[in-house]
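> Note that the working numbering has the sequence shown beginning at 1, numbered continuously upward.
We treat Cβ as the ideally placed atom computed from N, Cα and C, and that holds for glycine.
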Amino acid sequence: MITKSSIMLGLGESDDELKEAMDDLRAIDVDILTLEQYLKPTPLHLTVKKYVTPEKFAFWKDYGETIGFRYVASGPLTEFATTAVKNQAEYGPKFVQEKLE
Numbered sequence: 001m002i003t004k005s006s007i008m009l010g011l012g013e014s015d016d017e018l019k020e021a022m023d024d025l026r027a028i029d030v031d032i033l034t035l036e037q038y039l040k041p042t043p044l045h046l047t048v049k050k051y052v053t054p055e056k057f058a059f060w061k062d063y064g065e066t067i068g069f070r071y072v073a074s075g076p077l078t079e080f081a082t083t084a085v086k087n088q089a090e091y092g093p094k095f096v097q098e099k100l101e
């Protein structure tokens, strides 16, 4: 079984907190990780505390691969989670298989 988790960034998390969360996910053998920028969908939702730079997303992608994730999608507009769910029947398994080979 392939396992996946996602983390939204920009809600006030520290680098140490993100590193710890990523390490915890690898400790339980999560295979795929997506890191995405939190964007406030309505005025009633939480406020964005920080916009993460593309360079920082690249850093976290590299870190995730270094600690053993089989695939890391990391970027301000990463839509892997949404796309995988929408296209699971037709595209999801093929996409995941290609990324893990």
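For a test of the three-state rule: what should DSSP assign to Met-1, helix, strand or coil?
Taking the sequence shown and counting its residues from 1, one reaches residue 1 at position 1. The answer is coil: DSSP assigns Met-1 none of H, G, I, E or B.
> Start and end of the beta strand (DSSP E) containing Tyr-71?
One-based indexing of the sequence shown puts residue 71 at position 71. Taken as a continuous stretch (DSSP letters only), the beta strand (DSSP E) holding Tyr-71 covers 71-75.
> From what residue to what residue does the beta strand (DSSP E) around Glu-65 run?
Here residue 65 is taken as the residue at index 65 of the sequence shown, counted from 1. Taken as a continuous stretch (DSSP letters only), Glu-65 belongs to no beta strand (DSSP E), being part of the alpha helix (DSSP H) at 54-66.
> Using CA coordinates, which residue listed in Ile-2, Met-1 and Leu-9 is at the minimum distance from Leu-46?
Taking the first residue of the sequence shown as 1, we reach residue 46 at position 46. Of Ile-2, Met-1 and Leu-9, the residue nearest in Cα terms is Leu-9.
> Are the CB atoms of Val-52 and Lys-61 within a distance shorter than 8 Å?
As a first step, residue 61 is located in the sequence shown; it is residue number 61 there, counting from the start. As a first step, residue 52 is located in the sequence shown; it is residue number 52 there, counting from the start. No, they are not a contact pair.
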